[in-house]
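Undergrad:
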Amino acid sequence: MRAAHRLRPSFASPDRGGMLRPLGPWPGVRATHSRRFWSMTNSLRRRAGLRCAGLVLALVALLLSCREATPPADRGLKLVASTLPGGGHPFAIVADDFNRDGKTDLAVTNPKVSKVSIYLGHGDGTFEKPANFATGKQPRGLVAGDFNEDGWLDLAVASTGRNSVSLHLGRGDGSFRVAELFRVGSRPFMLQPADFNHDGHLDLVVSNEGERDNRRGLSVLLGNGRGGFSVSSYPTGRYAADVAPADFNGDGQMDVAVATWGTNDVNVHFGRGDGSFVARNSFTYAGHGIYRVLAADLNRDGNSDMVWSDLRRDGLYLLYGDGEGGFPVTRLLPAGRGVRHAVAFDLNGDGWLDLIGVNTGAGNISVNLSDGKGDFLPPQTYASGVFPRTVAVADLNGDGRPDLAVANMRSNDVHVFLNQGPAPLQVVARQREAEEPARELTALELPTFRFPNGLALDPSEQSLLVADQQNHRIARVEIATGEVTTLAGTGKPGSSGDGGPAVAAQLRLPSGVVMDGEGYIYIADFGNNRVRRIDPSGAISTVAGTGESGFGGDGRAGVKALLNRPFALALDSAGALYISDFGNSRIRKLDRAGIITTVAGSDKAARPTSGEPPLRSVTSLAFDENGDLLLADQFNFRVRRLGQDGVLTTVAGLGVGVGRSGGDEGAATATPLSYPSGVATDSAGNIFIADQDGNRIHKVTRDGRISTLAGKDLIGYDGDGGPAEEALIWFPSHVVADTNGNVYFTDRYNHCIRKVDAAGIITTVAGKPDAKALLELDDRVQMAKARRAKLPTPQDPILDARLELAWEYTFRSGSDANAAYGVVVDPEGGVYVVGDVGSGADWRLLRLTPEGKRAWTFKFDSENVDIPFALTLTPDGQIVAAGTVLARDHTYALVISLSREGKENWRYEGRGEGRRMLYGIAADKDSNLYAVGQANRKWMVHSLSSSGQLRWTYEGPNGAARAVDVDDRGHVVVVGGEGRAWRSVRLDSRGKLLAPEGEAGTSRVPSAMAYGVRLLAGGDTLIVGNQRLKLGHARVEKRDAAGRPLWEYLGHADPSAISRAIDMDSQGNAIVVGEIASDWLMLGLDPGGKLLWRFTYDGGGGTANPDRAHAVAVHPAGGFVVVGITHPVPPKPPSLGAVEWRIARYRVVERSDGG
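Just so we're on the same page, this note's numbering is the position in the sequence shown counted from 1, plus 5.
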């Protein structure tokens, strides 16, 4: 741990309590409104992916803020500009290290072409040609952060033309995945990250510039740490253009300031600390075009101040905060003309924040240096391109000075301004007499491990070598004692030290390590683009790579070759070193003479067998007993073998990524893997795989069968001293095996090395997890939220009972695609079931007798894809099914009414523009019908008369309505999903909302989806669905007629579970059905939400194609009927196996045998 006396970097001054308060809400997250400190490296400071700086100016600013400020005599600033080509009217710009090479890169949005440009930096102020990728329509605002907590930077983009935030997850190599969209208000413009609910995950706030009626000017996206968000919106001023998070009233909760040019003011929304906000305060200061706002401590009094830009005034408004939410002191600071963006940053290293303005009207940037007293000097201006929009501040050339990058919209370019001013100050902090002098931590004082990656055994098998990536060192672990010593690296990133002691040298993000029989240790120095070697005397040198990123040098000495982020190493029996040249997607070989060649990848690709893809991203290498090379090809989701004959084959993995591993005890080549990152072999020919996102260690035997050695679907840290397959692990990255049957692996996110012995027992060899990170796992966060809301969360006592099968009926056509979706039971016990059959998806409606025998079948085939999803029984005796027809030219809603004899009464087709789908249906006491679903990605409700005539329609929020129920008063409750949130609304009999949106009568639950609903006497409502925490849990909630929560049941004992339907028995107990993992799930809850019983049914499905219970109906003679799908022939991906309807009547009886 850090020494208690060591000062932490921060661009802040001491507050009244003597503690340092960071300027921004989330230090190290880059944004177009950057108030966070810049850096050349980006270390994970905590599990949630928070990235801090830690280099010269960050330390300077901190030390100056802790001493008596004596501004330097030379306050000058000199900026030298160069130009980069734009990608299409550049708008927002962010500076950060997107490919983890220790050099600052740039990301820019281009609204004209709806793309984001990535400029990878060379570390000297120059950049590679931009690589572009598509994003949401008309991108504007842009921020970077680790939103899924995988250690790689992601990008969030405000997509104005799609009314959404586009999230692109980073791959760690400077490229990004296809966006996932989160709907917000109209024309989202700018966005900022912060943690608004203290759950340790990055959230977002977004200004919606197109909101004229003020209703949704501010959107808040609460993150779940996996790249998902729940979205809520708040009214604010008209035409919201910018947001700035900060604690304005000193209560420790994050607030948000919103600049609204339509009402020419700034609204401050004060946070409650749970992700919600109380009523706003509006501040106006003679503004005419308030456009941007930023928050910073300008005068170092410990309070958050504000800076506004005004499009119609040549300057910036400064509002000095009093720490209680007020701004009693204000002034207009002369700056440039038409300021559209401003950033606060210490440019000259005097410890005071300066202001940088982007002056669109003047075509320049202005810099107002601080006067060292909380005010500012007159502006210095620097010519930029035409119509500059935003600026980012970072060290672009590695000289320790902050530089600027400006996006110029109309000249379609990016200006880079390198800071050629005075060298950064060398400051020594003035200490109080009682304090110990500030000093750097030595390697021996470093935390035991921080995100360890590569792992190797020494030839004696007495110790392990660890690439301790975020500590920038190579460590040795004595297996018998767990003692850890540093072999190379100082704990600070760098590239120096060749020719001297390895312990005094600097490494940058080392990722791989291996040791030969002569005592030489080889290091994949990932961030320095080198392979380095420690000789037996402890001296370090470079054996491959020049330090520059690229490809070249084959056939020459390795020290003259170019590498691109070497990741993993392996030695063959002749002593040749094999290198995974990760960024080049190649395997390189360094022979004993020091000559480098390419043996696989790109134009030197090995000859693959049929269907084998080219290499993409090899993260681990190991030689097997036959001398073949095994490769963990992570982004191809495979482990592969490179034979000595040059043929490349797959030994494990389907080539398709999944959220978790599967297929235990099956063929390894038919088993999906989720980012396999490590591979090893033992003397018996077994292969061991570290499946990173699957959070498991797999074993593949000689005959190609796969099983789990350690870990399961849950993540965490648990299980030491017990069976490894029951243990919790977190993001394992590398694995090795010794000759005694022991397997060792790096438990990366738990910061430790763990061992599975020959008996299958797991222990920790060295290191320890971050206790705080474990406490912040989603399940515990959600439980805490429930307690804060004072909602009872029923626990799981289970009645001593058993489930008795009265009868079952199964049905399938010749196709493998059959599914039963809906069920109703008439007063005489007749059972009606609706579903689809065949690959063409045709409707079938069956009637079964009370004894479970088929009475008749109704068929419907439109010669398109026809899917019925729901069924209801009307008081006048109609059986009514609702669903969808997917025609070639359009998709329309379909409702069909049948008599109890199976004859069609009438048919309703809901046609119109776009896709129209129905998922649920219910009838009122007058046999009027209410069919719910989706039209053009919005909720749709169609009310029909008993004869099938349209009465009215309702269009609701974005998303899909999934289920509906009606009470005796004609009140209609509709449930479903809005984005990633569970949503319910209550309508009257004419389709009007009974309460304004967001008030009583509606409900909303983040990270969840509602699938079923039942209305109770008195107006109370039971709703079922699932809430995604780490995996997903069955959720049931009860609300009163006003929409207020009464209780919730959250099945923490049921991970990977979904509750899909609900019905009520005569005692008022709820019967809930759905699925858990790959099986049916059936639950009984009493009227107070207590779990009475819980049963599962395994119908042969697997994790990729699970068995599902879709619907339930209580039987008048007792018990209930459940319908869904099962797999009598288990699925073998990509085949679904045999899929059939299953209809089963159950009774719950108390056990009389005690067992």
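Built from N, CA and C at the ideal position, the CB exists for glycine as well.
Predicted model, so just to flag it, every value in this text is computed and none were measured.
Is T490 buried or exposed, if buried means 16 or more other CB atoms sit within 10 Å of its CB?
TA: It is exposed - the Cβ of T490 has fewer than 16 other Cβ atoms within 10 Å.
Undergrad: Based on the DSSP secondary-structure assignment, which residues constitute the bridge partners of N933?
TA: BP columns for N933 are empty, so no partner.
Undergrad: Could you tell me which of R513, I539, D521 sits nearest to N533, measuring between CA atoms?
TA: The residue with the shortest Cα to Cα distance from N533 is R513.
Undergrad: Hey, how far is the Cα of G827 from the Cα of P873?
TA: Going by the C-alpha atoms only, they are around 8 Å apart.
Undergrad: In chain order, which continuous runs of the beta strand (DSSP E) of length 3 or greater are located wholly inside the region 352–439?
TA: The qualifying runs are 359–364, 369–373, 385–388, 393–399, 408–413, 418–424.
Undergrad: Please confirm if the region 1109–1128 is in contact with the region 1058–1078, defined as three or more CB-CB distances below 8 Å between the two stretches.
TA: Contact holds: three or more Cβ-Cβ distances are below 8 Å.
Undergrad: Closest to A685 by CA distance: which of A715, K864, L460 is it?
TA: A685 has its Cα closest to that of L460, out of A715, K864, L460.
Undergrad: I need the DSSP call for G1017, collapsed to helix, strand or coil.
TA: DSSP places G1017 in strand when its eight states are reduced to three.
Undergrad: Consult DSSP for T131 and reduce its assignment to one of helix, strand or coil.
TA: Three-state result, T131: coil.
Undergrad: Helix, strand or coil for A1022, going by three-state DSSP, please let me know.
TA: Looking at A1022 - three-state DSSP - the assignment turns out to be helix.
Undergrad: Report the partner residues of K760 according to the DSSP bridge assignment.
TA: K760 pairs with Y749, T768.
Undergrad: Just to confirm my understanding: we take A771, look at its own chain, exclude 5 residues before and 5 after, and list those with CB closer than 7 Å. What are they?
TA: For A771, where only same-chain residues beyond five positions count, the Cβ hits under 7 Å are T453, V482, G487, V489, C757, I758.
Undergrad: Out of A566, G557, L492, which one is the CA nearest neighbour of I545?
TA: The candidate whose alpha carbon is nearest that of I545 is L492.
Undergrad: Would you tell me roughly how many angstroms separate the C-alpha atoms of G1089 and G1104, rounded to the nearest one?
TA: Cα to Cα, the separation comes out at about 20 Å.
Undergrad: Return the CA-CA distance between L147 and Q258, expressed in angstroms with no decimal places.
TA: Whole-angstrom Cα-Cα distance: 24 Å.
Undergrad: With I702 and V656 assumed to form a contact (beta carbons below 8 Å), what rounded beta-carbon distance in angstroms separates them?
TA: Going by Cβ atoms, the distance from I702 to V656 rounds to 16 Å, so no, they are not a contact pair.
Undergrad: From what residue to what residue does the beta strand (DSSP E) around G1175 run?
TA: This structure cannot settle anything about residue 1175, because the visible part of the chain is limited to 6 through 1160.
Undergrad: Going by Cα to Cα distance, which pick from D302, L851, G834 is closest to Y814?
TA: Answer by Cα proximity: L851.
Undergrad: Please report the distance separating the alpha-carbon of N823 from that of G843.
TA: When rounded, the distance between both Cα atoms is 6 Å.
Undergrad: Could you compute how far the alpha carbon of R277 sits from the alpha carbon of A161?
TA: If I take the Cα positions, the gap works out to 24 Å.
Undergrad: Using DSSP with H/G/I as helix, E/B as strand and the rest coil, what is F531?
TA: If DSSP states are grouped into helix, strand and coil, F531 belongs with the helices.
Undergrad: With a CB to CB cut of under 6 Å and the five nearest residues on each side skipped, what residues in its chain are close to V85?
TA: Excluding residues within five positions, the ones whose Cβ falls inside 6 Å are L423, Q425.
Undergrad: Could you pull out every residue in the same chain whose Cβ sits closer than 8 Å to the Cβ of T335, ignoring the five residues on either side in sequence?
TA: For T335, where only same-chain residues beyond five positions count, the Cβ hits under 8 Å are Y290, Y322, L323, L324, Y325.
Undergrad: Taking the alpha-carbon of G107 as reference, which of L714, L923, D530, E1042 has the nearest alpha-carbon?
TA: Considering only alpha carbons, the answer is D530.
Undergrad: Measuring CA to CA, which of W1146, Y897, L568, W1052 is closest to R1040?
TA: The candidate whose alpha carbon is nearest that of R1040 is W1052.
Undergrad: Have a look at A163 and E1145 and give me their C-alpha separation to the nearest angstrom.
TA: The straight-line gap from Cα to Cα measures roughly 44 Å.
Undergrad: Please state the DSSP three-state secondary structure of Y754.
TA: Helix at Y754.
Undergrad: Is L992 closer than 7 Å to V980 when the C-beta atoms are compared?
TA: No, Cβ-Cβ distance for V980 and L992 is not below 7 Å.
Undergrad: Would you check if the region 559–572 and the region 500–512 touch, i.e. whether three or more CB-CB distances between them fall below 8 Å?
TA: Touching, no.
Undergrad: Can you give, in chain order, each stretch of the beta strand (DSSP E) that sits fully within the region 914–965 and has at least 3 residues?
TA: 921–928, 934–940, 943–949, 955–963, all fully within the region 914–965.
Undergrad: Taking the alpha-carbon of D1091 as reference, which of G267, A1075, S224 has the nearest alpha-carbon?
TA: Nearest of G267, A1075, S224 to D1091, Cα basis: A1075.
Undergrad: Start and end of the beta strand (DSSP E) containing K717?
TA: No beta strand (DSSP E) holds K717; DSSP gives it neither H nor E.
Undergrad: Do F253 and D247 have their C-beta atoms within less than 7 Å of each other?
TA: In this structure, D247 does not lie closer than 7 Å to F253 by Cβ.
Undergrad: Are the beta-carbon atoms belonging to R920 and T896 less than 7 Å from one another?
TA: Cβ atoms of R920 and T896: closer than 7 Å.
Undergrad: Measuring only the C-alpha atoms, how far is G59 from V398?
TA: The predicted position of G59 is uncertain, since its pLDDT is 33 and thus under 50; a value taken from the coordinates is nonetheless stated next. For G59 and V398, the distance between alpha carbons rounds to 15 Å.
Undergrad: Give me the Cα-Cα distance between K790 and G699, rounded to the nearest whole angstrom.
TA: Model confidence at K790 stands at a pLDDT of 41, short of 50, so the residue's coordinates are unreliable; what they give is reported in the following sentence. Their Cα atoms are separated by approximately 28 Å.
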